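**Student:** Here's a structure for you.
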Amino acid sequence: MSPNNKRKVALISVHGDPAIDIGKEEAGGQNVYVRKVGEALAGLGWQVDMFTRRSNETQADIVKHNSNCRTIRLNAGPKVFIKRQQIFQYLPEFVTAFLEFQEQHETIYPLIHTNYWLSAWVGMELKKQQSSKLVHTYHSLGAVKYKSIKKIPEISQTRLEIEKQCLETADLVVATSPQEQEHMRSLVSEQGNITVIPCGTDIESFGSVSRHDSRTRLNIEPAAKVILYVGRFDPRKGIETLVRAVGCKEVKLHPDLKLIIVGGSTPGRKDGKERSRIEALVQELGLEAITTFAGRIEHTDLAYYYAAADVCVVPSHYEPFGLVAIEAMACSTPVVASEVGGLKFTVINELTGLLVPPQDERAFAQAINRVLSYPAWSRQLEKDARKRVESMFSWDGVAQQLEQQYLTIFNQQPSELLVSGNASLHGAYYTLSDSPSKI
Ligand code: UDP
Numbered sequence: 172m173s174p175n176n177k178r179k180v181a182l183i184s185v186h187g188d189p190a191i192d193i194g195k196e197e198a199g200g201q202n203v204y205v206r207k208v209g210e211a212l213a214g215l216g217w218q219v220d221m222f223t224r225r226s227n228e229t230q231a232d233i234v235k236h237n238s239n240c241r242t243i244r245l246n247a248g249p250k251v252f253i254k255r256q257q258i259f260q261y262l263p264e265f266v267t268a269f270l271e272f273q274e275q276h277e278t279i280y281p282l283i284h285t286n287y288w289l290s291a292w293v294g295m296e297l298k299k300q301q302s303s304k305l306v307h308t309y310h311s312l313g314a315v316k317y318k319s320i321k322k323i324p325e326i327s328q329t330r331l332e333i334e335k336q337c338l339e340t341a342d343l344v345v346a347t348s349p350q351e352q353e354h355m356r357s358l359v360s361e362q363g364n365i366t367v368i369p370c371g372t373d374i375e376s377f378g379s380v381s382r383h384d385s386r387t388r389l390n391i392e393p394a395a396k397v398i399l400y401v402g403r404f405d406p407r408k409g410i411e412t413l414v415r416a417v418g419c420k421e422v423k424l425h426p427d428l429k430l431i432i433v434g435g436s437t438p439g440r441k442d443g444k445e446r447s448r449i450e451a452l453v454q455e456l457g458l459e460a461i462t463t464f465a466g467r468i469e470h471t472d473l474a475y476y477y478a479a480a481d482v483c484v485v486p487s488h489y490e491p492f493g494l495v496a497i498e499a500m501a502c503s504t505p506v507v508a509s510e511v512g513g514l515k516f517t518v519i520n521e522l523t524g525l526l527v528p529p530q531d532e533r534a535f536a537q538a539i540n541r542v543l544s545y546p547a548w549s550r551q552l553e554k555d556a557r558k559r560v561e562s563m564f565s566w567d568g569v570a571q572q573l574e575q576q577y578l579t580i581f582n583q584q585p586s587e588l589l590v591s592g593n594a595s596l597h598g599a600y601y602t603l604s605d606s607p608s609k610i
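Just add 171 to the spot in the sequence shown (first one is 1) and you have this note's numbering.
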């Protein structure tokens, strides 16, 4: 395919910058999803532009991921990190900046794939102004989220309305698990087109290192029993439940026990409050000697942590999909997870790990203890975990399913999807490998 003969898609992720460091503040699964989907679609021959909001003065305008895929940062609101609940007011600016970008580059994106409700609003506005088709992935549903939190944010009504309107009017909505699809139907609207396409994981790098080599690299004793958490510091992630479970005697009494908590930025940053709370709890329960706060780890280096662990715990109160679970499974590490949302789809109870009621530290303690106490059974869980990920959750497989759906929207007339106008890569850009510090 020549450069001007590519199918073109704009992935919009207003608050989840696909080129930013993952694992701190609000950067998590959505950032990974957008970036990996973008890169995998580019691998299939698409020209992929991923639009996000600039959140820092020093960030590059354009970050090139590979020859067909780039992140484009638009100015909308102050160039600082803004919590997602406060971004809505800047969305009209984002729409204007997007339209200006199209004009400057003499192009109109025939297909727009938005992520999270903030971007859904942007997509719906753009659809009013041009003939683009709209695909949307929610990543989290307000209707579900507000059930599990005590303090409902002011923006909630707006969010719920936008999520409903998007489901009813988008050309297609992608649910990442059958559970999410069911929630959309029962809690959001009975109208609209939904298809289920899961999130993926990098099955080559996750699963490429042995437990022995990982432990050598991370300086962990071969005999240690390692319990791992990976993710953001956010009360919804349930780290407290995990720490309390480790403090229960059936877990705490295992010799050579180690709890490794990966994720979060440095103290003093926005997510520091939850980290301080968890550190205080670790002290209160006398677990300092066995607990390591590893901080944020590069996504590619996480493979060593997963592989070194005997069990990876995902104690979220709610999880629309939960990438960490499939990343651990790809590394042949059994998962103990809350029986909620997408985790009920990815983790098969008693086959690839164990599912337990959320926020139930006793149940988590018992499940962790079972995995640590029966190595032969645990080896079987590891094998089945890897097998499930290989067959269901590769990014290439996800991109192929998305491509199929994109083409279906255009009634099998993919020519409508070809690049229009001048699509060359203008502007000063940095490549990811050239300049990570600038990202
Ligand atoms: N992550 C990372 N480094 C860290 C902590 C997390 O790369 O130090 C990644 C993790 O591998 C996963 C993502 O952040 O891909 C978290 O996604 P998940 O869906 O589990 O949770 P979310 O953050 O979306 O709530």
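Where is the CB? At the ideal position from N, CA and C, for every residue including glycine. If you're wondering where the values come from, they're calculated on a predicted model, not measured in any experiment.
(1) Following the continuous alpha helix (DSSP H) through residue 413, name the residue where it begins and the one where it ends.
(2) Less than 6 Å between C-beta atoms, sequence neighbours within five positions excluded: which residues of the same chain meet that for residue 408?
(3) I'd like the span of the beta strand (DSSP E) that includes residue 582, first residue to last.
(4) Would DSSP call residue 382 helix, strand or coil?
(5) From residue 205 to residue 292, what does the alpha carbon distance come to, in whole angstroms?
(6) Taking only heavy atoms of the ligand FAD into account, decide whether any of them is closer than 8 Å to the Cβ of residue 339.
(7) Going by beta-carbon coordinates alone, are residue 569 and residue 211 separated by less than 9 Å?
(8) With a threshold of 8 Å, are at least 3 pairs of Cβ atoms found where one atom belongs to the stretch 175-189 and the other to the stretch 542-559?
(9) Okay, do the stretch 383-401 and the stretch 354-364 touch, 3+ Cβ pairs below 8 Å being the bar?
(10) For residue 454, is the beta carbon positioned less than 8 Å from some heavy atom of the ligand UDP?
(11) Mind checking residue 383: buried by the 16 CB within 10 Å criterion, or exposed?
(12) Is any heavy atom in the ligand UDP found nearer than 8 Å to the beta carbon of residue 252?
(13) How would the residue list near the ligand UDP read, in chain order, if you kept each one whose beta-carbon is closer than 6 Å to any heavy atom?
(14) Short check: CB of residue 480 to CB of residue 424, under 9 Å?
(15) Using the Cβ count rule (16 or more neighbours within 10 Å means buried), how would you classify residue 350?
(16) Run through DSSP, which three-state label would residue 272 get?
(17) Name the DSSP beta bridge partners of residue 401, please?
(18) Ordered along the chain, which non-local residues of its own chain (more than five positions away) have a Cβ less than 7 Å from that of residue 189?
(19) If you follow the beta strand (DSSP E) that residue 236 is part of, which residue opens it and which one closes it?
(20) Report the residue from 213, 297, 306 whose alpha carbon sits nearest the alpha carbon of residue 285.
(21) Please say whether residue 504 and residue 477 have beta carbons closer to each other than 9 Å?
(22) Hey, residue 564 and residue 501: beta-carbon distance below 9 Å or not?
(23) Do residue 365 and residue 338 have their CB atoms nearer than 9 Å?
(24) Within the same chain, show all residues whose beta-carbon is closer than 7 Å to that of residue 332, passing over the 5 residues directly before and after it, in chain order.
(25) Do you know how far the Cα of residue 495 is from the Cα of residue 539?
(26) Is the beta carbon of residue 489 closer than 9 Å to that of residue 315?
(27) Could you check the C-alpha separation between residue 245 and residue 270 for me, to the nearest Å?
(28) Count the CB pairs spanning the stretch 369-383 and the stretch 548-568 that are closer than 8 Å, and state whether there are at least three.
(29) Excluding sequence positions up to five away, which residues of its chain have a Cβ less than 8 Å from the Cβ of residue 576?
(30) At what residue ranges does the stretch 538-587 contain a whole run of the alpha helix (DSSP H), taking only runs of 4 or more?
**Tutor:** The structure says:
(1) 410-418 is the span of the alpha helix (DSSP H), which, as asked, contains residue 413.
(2) Taking residue 408 as the centre and dropping the five residues before and after it, the same chain places the C-beta of 402, 487 closer than 6 Å to its C-beta, in chain order.
(3) Following the DSSP letters along the chain, one finds residue 582 in no beta strand (DSSP E), marked with neither H nor E.
(4) Three-state DSSP puts residue 382 in a helix.
(5) Looking at the two C-alpha atoms, the distance is approximately 17 Å.
(6) With respect to small molecules bound, the structure shown includes the ligand UDP and not the ligand FAD.
(7) Pairing residue 569 with residue 211 gives a Cβ-Cβ distance under 9 Å.
(8) Short answer: they don't touch.
(9) No, the stretch 383-401 does not touch the stretch 354-364.
(10) Flag unset: Cβ of residue 454 not near the ligand UDP.
(11) Counting of Cβ neighbours within 10 angstroms places residue 383 among the exposed residues, the total staying below 16.
(12) Outside the cutoff, so no.
(13) Output, sorted by chain position: 193, 194, 199, 200, 201, 203, 401, 402, 403, 433, 434, 467, 468, 470, 473, 492, 493, 494, 495, 498.
(14) Going by C-beta atoms, residue 480 is not nearer than 9 Å to residue 424.
(15) When all chains shown are included, residue 350 counts as buried.
(16) Secondary structure of residue 272 (DSSP, three-state): helix.
(17) DSSP output for residue 401 lists 433 as bridge partner(s).
(18) Cβ neighbours of residue 189 beyond the five flanking positions: 202, 205, 206, 209, 221, 223, 242.
(19) That run of the beta strand (DSSP E) goes 233-237.
(20) Scanning 213, 297, 306 for the CA closest to the CA of residue 285 turns up 306.
(21) Yes, the pair counts as a contact, with Cβ atoms nearer than the cut-off.
(22) Yes.
(23) In this structure, residue 338 lies closer than 9 Å to residue 365 by Cβ.
(24) Shown here for residue 332: not one same chain residue has a beta carbon closer than 7 Å to its own, the five before and five after excluded.
(25) If you draw a straight line from the Cα of residue 539 to the Cα of residue 495, it comes to about 17 Å.
(26) Yes.
(27) Computed Cα separation, rounded: 11 Å.
(28) In short, these stretches touch, since the Cβ pair count reaches three.
(29) Here residue 576 has 306, 343, 345, 366, 368 as same chain residues with Cβ atoms under 8 Å from its own Cβ, once five neighbours each way along the sequence are excluded.
(30) Inside the stretch 538-587, DSSP marks whole alpha helix (DSSP H) runs of 4 or more residues at positions 546-563, 566-580, from first to last along the chain.
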